[in-house]
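**Student:**
Protein chains: 2
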Amino acid sequence: MSHPQTLFHQTEFHGPSVLRSRRTTVSRSTAHAQLRKLKETGRYECFSLKKQPIYDDRSRWPCPAPVYWDSDVAKWLEGACYLLSDEYDAEIDAAVREIVGMIRGAQQEDGYLNTWFTIAEPGKRWTNIRDQHELYCAGHLIEAAIAHGNYYKNNLLIEPIEKYVKHISTVIGPGPDQKHAYPGHPETELALLRLYTATGNQTAYELAKYFIEERGNQKGQEGMSYYDWEAKQRGDSPWLHPDSYQMHDSHWYNQAHAPILEQKSVEGHAVRAMYLFTGVADLLCLDELGIKSYVHKDKYFEALSGLWNNMVDKKMYLTGGIGSMWQWEGFGIDYFLPQGSDEGGCYNETCASIGVIMLAERLLHLDLNSKYADIMELCLYNAVMTGLSLDGTAFTYVNQLASSEADGNRREDWFDTSCCPPNVMRLFGCLGGYLWDYGGSVKDAYVNVHLYTTAKVTFQVEDQQIVLEQKSNWPWEGNIMFQLQAPIFVAVTVRLRIPSWARNQFTLTPSYKAAKLENGYLVLPPPYTAANRAFSIQIDGFKPRFISPHPYTNQKTSTLARGPLIYCVEDVDNPWEQDHFRNVGIQSDSEVTEKEEEIDQIGERYVALRSVGWIRKIDDRAESKSGIEPDSSLPQTVMTEKKDLTFVPYYLRANRGGRGHMRVGLLRQ
Amino acid sequence: MSHPQTLFHQTEFHGPSVLRSRRTTVSRSTAHAQLRKLKETGRYECFSLKKQPIYDDRSRWPCPAPVYWDSDVAKWLEGACYLLSDEYDAEIDAAVREIVGMIRGAQQEDGYLNTWFTIAEPGKRWTNIRDQHELYCAGHLIEAAIAHGNYYKNNLLIEPIEKYVKHISTVIGPGPDQKHAYPGHPETELALLRLYTATGNQTAYELAKYFIEERGNQKGQEGMSYYDWEAKQRGDSPWLHPDSYQMHDSHWYNQAHAPILEQKSVEGHAVRAMYLFTGVADLLCLDELGIKSYVHKDKYFEALSGLWNNMVDKKMYLTGGIGSMWQWEGFGIDYFLPQGSDEGGCYNETCASIGVIMLAERLLHLDLNSKYADIMELCLYNAVMTGLSLDGTAFTYVNQLASSEADGNRREDWFDTSCCPPNVMRLFGCLGGYLWDYGGSVKDAYVNVHLYTTAKVTFQVEDQQIVLEQKSNWPWEGNIMFQLQAPIFVAVTVRLRIPSWARNQFTLTPSYKAAKLENGYLVLPPPYTAANRAFSIQIDGFKPRFISPHPYTNQKTSTLARGPLIYCVEDVDNPWEQDHFRNVGIQSDSEVTEKEEEIDQIGERYVALRSVGWIRKIDDRAESKSGIEPDSSLPQTVMTEKKDLTFVPYYLRANRGGRGHMRVGLLRQ
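What follows is the structure, given as structure tokens:
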């Protein structure tokens with residue numbers, strides 16, 4: 010079953026674990042800090058339709074800041090509903106109720122529901138679907154409504170949202186008088202399919218399918234690409250384009266350069282790409298629910314696989330970050346993975362890696378293979394968790410692998426475009442849904458365990474309750490204890506992911522000679538789970554290891570990793586550093602020692618790593634001369650001056666002061 | 010004295026030499042081939058003001074192809090006049106005369122002289138100075154007029170051009186009713202200063218000085234940047250910008266983001282930057298002519314020096330190419346120097362390195378230092394000469410250091426935007442002016458020899474004739490014989506450049522213990538030149554050497570060089586190669602042997618180099634896996650399979666067939 014956002018509450022996190030600790034912080038601190046920000050900035054009030062001064066500010070184009078406001082509020086709302094089901098909070102509850110009231114009041118008679126185009130540009134609805142986030146905001150409202158309905162068990166938000174979906178379906182669609190459009194910022198597709206799964210809303214399904222199939226049609230409207238057509242309708246010059254569009258016709262920016270089935274490489278804005286492909290995967294997952302998706306599933310899956318592999322093999326950082334290009338917050342060419350601004354790029358938006366997690370989870374339904382779960386875990390513990398401060402009130406939007414003078418290793422408490430903070434909040438809100446996948450029948454029940462922590466899932470098959478509990482000190486240690494409860498006549502298969510970095514080294518207790526490893530999952534069939542209600546697995550691979558990017562990246566660097574965690578150096582631990590560790594190297598055969606440390610702030614423990622590196626000295630003669638002299642007179646990579654180095658998990662960066670110097674990949678000789 | 014374009018005819022090239030051979034090819038083949046292209050494409054006729062169908066084609070914006078036509082014709086005209094003075098050619102002469110007649114006929118009553126805005130957009134003169142090349146075309150017409158005047162000794166072209174300059178000076182200037190504009194594509198500045206030097210035209214001087222001083226004023230017109238102001242006048246959206254402008258306000262594209270004195274790094278379109286800074290240097294060179302430039306010379310020189318050093322140290326390829334970014338045909342960030350498209354960039358327009366040559370020559374007047382001449386020679390023999398095929402009829406526009414599937418190692422016989430071909434033609438036409446600098450008085454005459462070849466310069470000081478002849482097999486061998494003729498009462502100092510790659514190893518014959526090396530020039534004072542009318546110097550450094558880019562480039566590569574020549578590998582000599590030499594490596598301590606070869610086509614000889622390299626094998630397991638596994642399982646740089654490699658000078662590439670595979674920098678372990 011897909012949509013972990015609706016399944017999370019069948020999972021309870023127990024403590025202590027890094028995930029439990031972070032989830033508590035999000036619930037008790039982040040949700041409140043963001044609510045304050047929503048109020049301070051005017052967002053909270055937007056659905057009241059009162060005009061605020063900022064609505065007259067046209068210094069940003071094509072998206073004045075409030076264009077995104079509906080989505081910021083909706084994401085917070087969605088996250089709040091998830092968190093409430095875990096731990097009740099009166100202030101959050103009251104705010105949710107007030108916002109829902111405002112949203113209901115903001116709906117227009119015909120069902121239209123978008124504050125920017127109601128308050129600021131009432132005549133311009135649906136005139137710039139490419140750039141102005143109208144459908145994107147609708148998508149987040151849909152997701153908020155589903156979360157709201159699940160928690161409050163009422164239709165107060167679902168009802169206006171379904172009316173809005175109905176309205177959209179009159180404006181956009183295949184009919185001769187309809188706009189043959191699709192979202193400039195995909196998201197709506199996956200939201201509509203969640204709505205369909207949750208409520209059976211057929212219109213939502215049809216609209217999502219239309220968006221996916223129509224997307225990239227270069228002759229969709231009067232023989233033109235829809236986006237070119239709507240620009241013409243607006244009377245815009247064909248060369249007028251947002252700064253984030255590299256060229257005037259760079260429709261790859263929003264994955265609209267070709268039909269999805271014809272896209273061979275992942276291009277453009279990374280968040281848009283991930284949300285879009287998640288929606289496509291959701292469409293394919295419908296089969297799993299016994300609902301025919303009416304699309305060519307094999308072809309779409311082939312396309313998705315190709316795009317996934319292109320991304321993971323050639324366009325993903327070691328941290329799980331994606332998007333090397335600042336201008337379009339997205340993908341560069343294959344293997345172009347500079348570590349930071351002073352090397353020519355590295356964006357790695359927090360939301361983008363959240364999107365990877367969403368996409369990976371859907372692909373696991375379609376093709377159970379640990380390669381997706383490995384990346385899901387990589388993103389979670391590194392590219393995403395680094396986006397949230399330990400106290401839960403500060404965030405990063407961009408997650409580079411190396412700081413520079415232009416871009417320090419720092420956090421902000423909010424952003425003008427503030428998608429990332431509430432996105433982290435809602436991800437942690439529904440994190441339980443990503444840990445495992447489960448279902449089946451009495452004769453063939455299953456739990457596929459993707460992520461390890463300390464948690465318990467409870468679910469029914471044919472009215473029979475199954476409970477699986479896991480207990481571990483993950484991500485620090487590899488021993489996970491399981492306890493299964495199920496009626497004895499229910500045949501339960503448990504599949505345990507063996508991460509690729511474990512190199513197939515693990516010990517199952519009690520042992521089981523017939524256990525098979527299938528696509529990276531250790532399969533424990535009913536005979537084993539019936540005989541062993543309690544079992545444990547010891548997964549190896551927690552010895553620190555050096556990892557490196559592909560040689561084609563021209564990044565000759567070594568990075569320390571341990572289990573699923575990627576490490577970095579920060580000046581707070583290495584205060585002698587003055588140049589962002591640009592000239593610091595380490596050899597892959599260096600001895601590494603571990604030291605357990607405690608984070609004072611939250612009492613959480615972590616393993617720091619220590620080793621000895623070296624400093625590259627660059628000959629000063631290299632300056633003010635061209636490179637036409639012999640190597641012997643050129644700047645040399647001279648390894649001098651041994652240096653003790655302390656490494657911390659990347660997710661801990663920018664939490665403990667310092668001057669903003671940080672690096673993940675150090676020079677490798 | 011500056012402006013080598015007007016001094017070249019005091020130099021005679023003798024043979025045989027690479028420069029003589031190429032100059033003959035340009036004269037006998039290139040000039041004719043380009044004349045045919047001018048005629049085929051309609052350019053030749055443009056000054057007749059007949060409307061051609063292409064004038065209605067608005068598929069390119071903001072510059073439909075014919076916007077540049079005046080400049081293409083003007084550059085050919087300029088080059089033709091240079092070449093005619095070397096070798097008369099009736100067809101070229103007739104064409105020049107016909108074009109000049111058309112240009113005279115194209116001038117409007119008020120002096121205006123631009124074909125696009127006369128034929129195609131008559132109401133739009135001076136409405137888009139930023140993008141539409143009106144002043145750039147004017148600049149090239151001025152340069153053509155000076156060349157024409159020099160050769161034909163009449164004012165047939167100077168006269169209408171001076172009238173046009175007068176007209177421009179009424180439209181643009183500091184007056185309250187004038188446009189406070191400056192060229193979107195600089196070039197006009199240096200052209201106007203050449204005109205001033207050649208004719209004393211005070212208006213030209215004032216206009217050039219205004220362009221230079223006003224440039225980058227962010228509040229120049231009604232409190233706005235001129236370019237923003239004119240966009241507003243046109244009624245354009247402030248976000249409408251050419252595809253080559255990275256963002257809507259990227260005025261750094263044409264070096265207009267700040268006043269020149271405040272520019273600390275070289276930014277934007279590379280050709281524009283070089284032409285602009287050449288114009289600034291020309292303004293400073295006026296002092297040398299005894300004309301006060303009325304600008305703060307020290308400050309401008311400091312700015313130019315900073316920009317030069319930034320470019321040479323951090324933004325120049327080993328070939329002398331500049332501009333790593335395709336989108337704006339220009340500079341990237343410091344040390345961002347990928348070798349080709351599949352590494353994320355490399356543009357290196359032929360015109361840009363011609364611009365470096367021009368700028369370097371001017372800087373040598375202001376600050377005699379071999380570092381400028383070294384780069385001048387590097388650009389000439391590598392980044393520029395590679396732009397012309399051996400038969401003189403095919404060209405490159407972009408000069409990457411490595412080919413790729415997207416961008417093969419190939420030539421074209423013309424381009425839609427065809428600045429480079431006639432630019433090479435006019436450079437070779439006036440090349441004599443770059444070889445040396447000379448002048449002074451009877452008491453203190455001098456010749457500073459920047460480039461070695463076989464040639465003779467004849468000039469007067471106070472009516473006394475001085476002749477210096479040099480004879481060598483440069484760039485293949487370092488022995489240069491000199492013969493000086495001058496009346497015995499003229500005190501002549503000869504300065505000989507010692508290239509940096511010679512590492513100060515040279516032998517002067519007859520020897521001279523008192524000889525001093527000043528800023529990379531060996532100074533032979535009057536006592537020596539009086540005693541030795543014939544002398545020779547043997548410059549070392551012709552043993553093949555390996556060179557490498559700065560470590561901050563992340564380019565761990567080795568390149569072979571010999572004397573001033575940079576070498577590359579091509580598949581025509583190494584036909585086993587299938588992937589553009591992406592995985593071919595060579596060690597800096599490899600033995601290299603030389604083999605003299607002959608180019609059948611033109612009977613010119615060259616030295617090929619041979620060595621043994623290796624192939625990097627990348628473990629296939631690297632694919633379809635993330636980089637989170639230990640190094641031991643990651644793609645390794647395994648040196649396997651020794652390979653014999655043949656290297657040829659970069660300027661010979663893409664001349665002898667093959668499949669378009671080429672690379673300058675090979676992997677270095």
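Listed in order, the protein sequences are those of chains A and B.
Residue numbering for the first sequence follows the working numbering, starting at 10 and increasing by one per position.
Residue numbering for the second sequence follows the working numbering, starting at 10 and increasing by one per position.
For glycine and all other residues, C-beta sits at the position ideal for the given N, C-alpha and C.
(1) Does the beta carbon of Gln-141 of chain B sit closer than 8 Å to a beta carbon anywhere in chain A?
(2) Between the beta-carbon of Arg-506 of chain A and the beta-carbon of Ser-379 of chain A, is there less than 8 Å?
(3) Measure from the alpha carbon of Tyr-161 of chain A to the alpha carbon of each residue in A:Ala-89, A:Phe-656, A:Gly-330 and A:Gly-339, then state which is nearest.
(4) Below 8 Å on C-beta distance, what does Gln-564 of chain A contact in chain B?
(5) Can you tell which of A:Asn-592, A:Ala-392 and A:Ala-415 has the C-alpha that lies nearest to the C-alpha of Asp-351 of chain A?
(6) For Gly-449 of chain A, which residues from the same chain have a beta carbon less than 6 Å from its beta carbon, with the 5 sequence-adjacent residues on both sides left out?
(7) Closer than 9 Å, Cβ to Cβ, to anything on chain A: give me those residues from the segment 239-250 of chain B, in chain order.
(8) Between which two residues does the alpha helix (DSSP H) harbouring Val-289 of chain B extend?
(9) Please report whether the beta-carbon of Glu-196 of chain B lies at a distance below 8 Å from any beta-carbon of chain A.
(10) Is the Cβ of Gln-43 of chain B closer than 8 Å to any Cβ of chain A?
(11) Under a Cβ-count criterion, where at least 16 other Cβ atoms within 10 Å of its own Cβ denotes burial, should Gln-264 of chain B be classed as buried or exposed?
(12) Among all the DSSP beta bridges, which residues are the ones paired with Gly-339 of chain B?
(13) Consider the Cβ of Arg-435 of chain B: report whether some Cβ of chain A lies at a distance smaller than 8 Å.
(14) Which value, in whole angstroms, describes the spacing of the CA atoms of Ser-642 of chain A and Lys-323 of chain B?
(15) For Met-427 of chain B, collect the residues of the same chain with a Cβ closer than 7 Å to its Cβ; drop the 5 residues on either side in sequence, then sort them by chain order.
(16) Taking the alpha carbon of Ile-384 of chain B as the reference point, which residue from B:Gly-529, B:Pro-496 and B:Asn-226 has its own alpha carbon closest?
(17) Answer with buried or exposed for Val-673 of chain A, where buried requires no fewer than 16 other C-beta atoms within 10 angstroms of its C-beta.
(18) Within 10 Å of its beta-carbon, does Pro-185 of chain B have 16 or more other beta-carbons around it, so buried, or fewer, so exposed?
(19) Using C-beta distances below 7 Å, list every residue in its chain close to Arg-668 of chain A, excluding the 5 sequence neighbours before and after it, in chain order.
(20) Per DSSP, Glu-21 of chain B forms a beta bridge with which residues?
(21) For Leu-387 of chain B, count neighbouring Cβ atoms within 10 angstroms of its own Cβ and tell me buried if that reaches 16, exposed if not.
(22) Taking Cβ positions only, does Met-283 of chain B come closer than 8 Å to chain A?
(23) Give me the Cα-Cα distance between Trp-445 of chain B and Ala-74 of chain B, rounded to the nearest whole angstrom.
(24) Which of the three DSSP states is assigned to Leu-92 of chain B in this structure?
(25) Which class does Val-180 of chain B belong to by DSSP, given the choice of helix, strand or coil?
(26) Taking just the CA atoms, how far does Gly-225 of chain B sit from Ile-177 of chain B?
(27) Establish whether the CB of Arg-625 of chain B and some CB of chain A are separated by less than 8 Å.
(28) Which of the three DSSP states, helix, strand or coil, is assigned to Lys-241 of chain B?
(29) Since Trp-485 of chain A meets chain B, which of its residues come closer than 7 Å, beta carbon to beta carbon?
(30) Rounding to the nearest angstrom, what Cα-Cα distance links Gln-678 of chain A and Arg-625 of chain A in this structure?
(31) Against chain B, with Cβ distances strictly below 8 Å, would Trp-70 of chain A count as a contact?
(32) Note down, in chain order, all residues in the segment 341-364 of chain B with a beta-carbon under 9 Å from any beta-carbon belonging to chain A.
(33) Evaluate Glu-358 of chain A with the Cβ neighbour count: other Cβ atoms within 10 Å of its Cβ, from every protein chain shown; 16 or more gives buried, anything less gives exposed.
(34) Straight-line CA distance for Lys-218 of chain A to Val-289 of chain A?
(35) Residue ranges of each beta strand (DSSP E) run of no fewer than 3 residues wholly in the segment 455-519 of chain A, ordered along the chain?
(36) Whose C-beta lies closer than 6 Å to the C-beta of Ala-570 of chain A among residues of the same chain, with five residues either side of it excluded?
**Tutor:** Reading it off the structure:
(1) Not one chain A Cβ lies under 8 Å of Gln-141 of chain B.
(2) A Cβ-Cβ contact shorter than 8 Å links Arg-506 of chain A with Ser-379 of chain A.
(3) Ranking the options by Cα distance to Tyr-161 of chain A, first place goes to A:Ala-89.
(4) Asn-563, listed in chain order.
(5) It is A:Ala-415 whose Cα lies nearest to the Cα of Asp-351 of chain A.
(6) Excluding sequence neighbours, Gly-449 of chain A sits near Tyr-455 and Val-470.
(7) Among the residues of the segment 239-250 of chain B, those with a Cβ less than 9 Å away from any Cβ of chain A are Asp-245, Ser-246, Pro-247, Trp-248, Leu-249 and His-250, in the order of the chain.
(8) Its alpha helix (DSSP H) spans residues 279-294.
(9) Judged by the 8 Å Cβ criterion, Glu-196 of chain B is not in contact with chain A.
(10) It does not; no Cβ of chain A falls within 8 Å.
(11) Its Cβ being crowded by 16 or more others within 10 Å, Gln-264 of chain B is buried.
(12) Looking at the DSSP assignment, Gly-339 of chain B forms a beta bridge with B:His-278 and B:Met-334.
(13) Not one chain A Cβ lies under 8 Å of Arg-435 of chain B.
(14) Note that Ser-642 of chain A scores 45 on pLDDT, short of 50, meaning its location in the model is unreliable; the coordinates nonetheless yield the value given after this. Those two C-alpha atoms are separated by around 17 Å.
(15) Residue 427 of chain B is actually Ser in this sequence, not Met. Counting only Cβ-Cβ distances below 7 Å, and skipping sequence neighbours, we find Asp-81.
(16) Ranking B:Gly-529, B:Pro-496 and B:Asn-226 by Cα distance to Ile-384 of chain B puts B:Gly-529 first.
(17) By the neighbour-count rule (16 or more Cβ atoms within 10 Å), Val-673 of chain A is buried.
(18) The residue in question, Pro-185 of chain B, is exposed, as its Cβ has fewer than 16 Cβ neighbours within 10 Å.
(19) Around Arg-668 of chain A: Asp-580.
(20) According to DSSP, which records beta bridges pairwise, Glu-21 of chain B is partnered with B:Lys-465.
(21) Buried is the call here.
(22) Answer no: the Cβ-Cβ gap between Met-283 of chain B and chain A never drops below 8 Å.
(23) Using only the alpha carbons, I get a separation of about 38 Å.
(24) Look at Leu-92 of chain B here: in three-state DSSP terms it is helix.
(25) In this structure, Val-180 of chain B counts as helix in the three-state DSSP scheme.
(26) Cα to Cα, Ile-177 of chain B sits roughly 20 Å from Gly-225 of chain B.
(27) True, the Cβ-Cβ gap to chain A drops below 8 Å.
(28) Note: Lys-241 of chain B maps to helix in three-state DSSP.
(29) Those do not exist, as Trp-485 of chain A stays about 17 Å from chain B at its closest Cβ, beyond 7 Å.
(30) Straight-line Cα distance between these residues: approximately 10 Å.
(31) Using a Cβ-Cβ cut-off of 8 Å, Trp-70 of chain A counts as an interface residue toward chain B, since at least one Cβ of chain B sits closer than that to its own.
(32) Taking a C-beta cut-off of 9 Å against chain A, the contacting residues of the segment 341-364 of chain B are Gly-341, Ile-342, Asp-343, Tyr-344, Phe-345, Pro-347, Ser-350, Asp-351, Glu-352, Gly-353 and Gly-354, listed in chain order.
(33) With 16 or more Cβ atoms within 10 Å of its Cβ, Glu-358 of chain A is classed as buried.
(34) Spanning the two alpha carbons is a distance of roughly 9 Å.
(35) Considered as a whole, the segment 455-519 of chain A harbours 464-470, 473-481, 488-494, 501-506 and 515-518 as its complete beta strand (DSSP E) runs of no fewer than 3 residues, in chain order.
(36) So the list reads Arg-554 and Ile-556, once near-sequence residues are dropped.
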